[in-house]
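According to full-length UniProt numbering, the sequence shown is numbered sequentially starting from 1.
C-beta: ideal position from N, C-alpha, C; glycine also.
Quick notes on the structure that follows.
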Amino acid sequence: MAKTKPGKKDLDSYTIKGTNKVVTPGDCVLMRPSDTDKLPYVARIEKIEADHRNNVKVRVRWYYRPEESIGGRRQFHGAKELFLSDHFDVQSAHTIEGKCRVHSFKNYTKLENVGAEDYFCRFEYKASTGGFTPDRVAVYCKCEMPYNPDDLMVQCEGCKDWFHPSCMGMTIEEAKKSDHFRCSDCSSDDDAKRSLNVFPVSPSLEVKVSQAGGGDKTQEEMTEVAVHNKVLVNVLALAPPSLSSLLGYVMELYSAEKISCLHKQEAFY
């Protein structure tokens, strides 16, 4: 094992206390907060080391939940969504409760069953400024919101865009039972074409109809359609900060240790 500092040594792995689960650098873990009413913190292990007394500590990179960010949780944020932050910390290995998996957005949308330990990340988050990478995201529906994998969407047979049933005046049950769906714009176009007796010039120009339920469409396919049909919207424009969050952020600007003093520090022991 490589020596780091006098009296310290790097470890290749650590067995979570009270379990037989082993974590290594690169693994994502759940870490115990001091407030038992709070959800576990989620972090990625960057390094594991022990001191001369064999006290094991881990250097971690925190994931933030949307409600922990400056902009707060918005409608398009999934229940299992996390932001990979630039906030690093050193914690006692004893605060690790268990392992979890943080998937890419694309892989998460392909999961047949989402377990309690499954999360996803599509943005990196800069804790000191509230900025996101990427800072632009494709939007869908007439509400012009990014895709939330928790919400059912239906695809229009005409324009191939995706819509929330509620935005189209439909219930989820109606959307699931619908074999064909056309958005209001395409329906209006159809009415105009019928009144003018206009027909397609060539059958080869007609697009094959996809299922209205859209269950077999991946986020990648949806993104391709959105990028083709719509402009990308700035993420921060979709997440204006609340007044309390903004005031809290201004206070942080006057703190000499604005990163190390963030609330996750309370999980140290």
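Can you give the Cα-Cα distance for residue i and residue j, rounded to whole angstroms?
i	j	result
Asp35	Arg101	23 Å
His164	Asp27	35 Å
residue 317	Met31	Past the boundaries of the shown model lies residue 317; the chain is included only from 1 to 269, so the question cannot be answered.
Phe83	Ser166	27 Å
Arg59	Asp179	52 Å
Glu81	Asn107	13 Å
Ala138	Arg53	51 Å
residue 281	Glu144	Shown here, the chain extends from 1 to 269; a query on residue 281 therefore has no answer.
Lys99	Glu117	7 Å
residue 318	Pro134	One cannot answer for residue 318 here, as it falls past the ends of the chain, which runs 1 to 269.
Gly169	Tyr140	16 Å
Thr109	Lys177	22 Å
Met112	Ala79	The amino acid at residue 112 is misidentified as Met; the sequence shows Glu. Rounded to whole angstroms, Glu112 to Ala79 spans 16 Å at the Cα level.
Arg61	Thr95	14 Å
His188	Lys160	For the record, residue 188 in the displayed sequence is Ser; it is not His. The alpha-carbon atoms of Ser188 and Lys160 are separated by roughly 15 Å.
Lys38	Asn20	25 Å
Whose C-alpha, out of the options, is nearest the C-alpha of residue i?
i	options	result
Asp150	Asn55, Gln75 and Phe83	Gln75
Pro66	Cys167, Ser188, His77 and Ala116	His77
Ser128	Ile70, Tyr147, Ser166 and Met170	Ile70
Cys183	Phe105, Thr109, Gly158 and Ser166	Gly158
Tyr63	Gly7, Phe123, Ala116 and Asn54	Phe123
Gly130	Gly7, Glu46, Lys80 and Val235	Val235
Ala175	Lys160, Met153 and Ser187	Met153
Ser92	Asp118, Ala50 and Glu81	Ala50
Asp185	Leu11, Tyr147, Lys177 and Lys142	Lys142
Gly7	Lys17, Thr19 and Asn55	Asn55
Could you spell out the range, first to last residue, of the alpha helix (DSSP H) harbouring residue i?
i	result
Lys106	Phe105 to Thr109
Lys177	Ile172 to Lys177
Who are the near neighbours of residue i in its chain, counting only those whose CB is closer than 6 Å to its CB and skipping five residues on each side?
i	result
Arg73	Pro66 and Glu67
Thr15	Val22
Val114	none
Ser13	Val22 and Thr24
His103	Phe120
For residue i, which residues from the same chain have a beta carbon less than 7 Å from its beta carbon, with the 5 sequence-adjacent residues on both sides left out?
i	result
Asp86	Lys126 and Ala127
Ile172	Leu152 and Pro165
Pro40	Leu30, Met31, Arg32, Pro33 and Glu97
Lys57	Glu49, Val90, Gln91, Ser92 and Ala93
Pro25	Ile45, Glu46, Lys47 and Ile48
Since residue i and residue j should fall inside the 8 Å C-beta cutoff, what is the C-beta to C-beta distance between them, to a whole number of angstroms?
i	j	result
Phe105	Phe88	About 23 Å separates the two Cβ atoms, so there is no contact after all.
Would you mind reading off the limits of the beta strand (DSSP E) that contains residue i?
i	result
Ser85	Glu81 to Ser92
Glu124	Asp118 to Lys126
Glu46	Tyr41 to Ala50
Tyr63	Val56 to Tyr64
Gly131	Gly131 to Thr133
Met31	Cys28 to Met31
Val137	Arg136 to Ala138
Apart from the five residues on each side of it in sequence, which residues of its chain come closer than 8 Å, Cβ to Cβ, to residue i?
i	result
Phe132	Phe83, Phe123, Glu124, Tyr125, Lys126, Val235 and Leu236
Cys156	Trp162, Phe163, Phe181, Arg182, Cys183 and Cys186
Gly18	none
Leu11	Met1, Ile48, Glu49, Ala50 and Val56
Val201	In this prediction, Val201 has a pLDDT of 33, which is less than 50 and means its spatial position is unreliable; what the coordinates show is noted afterwards. For Val201, where only same-chain residues beyond five positions count, there are no Cβ hits under 8 Å.
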